[in-house]
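Student: For reference, the structure I am asking about is given below.
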Amino acid sequence: MCSSDLGGAGMSDIREAAFVAPAPTINGEIVRPITAGSLILLKRTGNKIIEGQTSDLPERDLCAFLFIHTQPVEQVRRACATADAFDEAVQTYAETLPIKELVKAGSVIKQLAQDAAASMDYEVEGDASPK
Numbered sequence: 003m004c005s006s007d008l009g010g011a012g013m014s015d016i017r018e019a020a021f022v023a024p025a026p027t028i029n030g031e032i033v034r035p036i037t038a039g040s041l042i043l044l045k046r047t048g049n050k051i052i053e054g055q056t057s058d059l060p061e062r063d064l065c066a067f068l069f070i071h072t073q074p075v076e077q078v079r080r081a082c083a084t085a086d087a088f089d090e091a092v093q094t095y096a097e098t099l100p101i102k103e104l105v106k107a108g109s110v111i112k113q114l115a116q117d118a119a120a121s122m123d124y125e126v127e128g129d130a131s132p133k
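Counting from 3, one number per residue, gives the positions in the sequence shown under the numbering used here.
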């Protein structure tokens, strides 16, 4: 991702902001950053948001993303054990989420994705691996 894709901010600026900025919230709950573990869960549950694909149920994918990133990790893991359990957990979560918070989620997710991309774009002194 080049700096022009990020509104002119350089990758180091985004990395720095990720450490300084307060954690985003949705409906009063802190939204955890994207991790390798949450990526696995998103992919396992068929969430299309993280890969930038078009979803037949974008509201469901937004709610599923938020469920994975706001609810207690153990609860999320248990819910992801089966497709039915996950769908039920996401539906229950969605019923507590006001529409204004769902709309806000798009910009929060975009920022989390930019932060995740910035954290992967660094060089370790003496590291000759390609970036």
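From the three backbone atoms N, C-alpha and C, an ideal C-beta is built for every residue, glycine too.
1. Measuring CB to CB, does residue 45 end up less than 8 Å from residue 63?
2. Nearest to residue 28 by alpha carbon, out of 43, 55, 87, 73?
3. Where does residue 36 fall in DSSP's three states?
4. Could you spell out where the alpha helix (DSSP H) holding residue 93 opens and where it closes?
5. Tell me the residue span of the alpha helix (DSSP H) that contains residue 108.
6. How would you label residue 26, buried or exposed, when you count the other beta carbons within 10 angstroms and need 16 or more for buried?
Tutor: Taking the geometry as given:
1. no
2. 73
3. coil
4. 85-96
5. 101-122
6. buried
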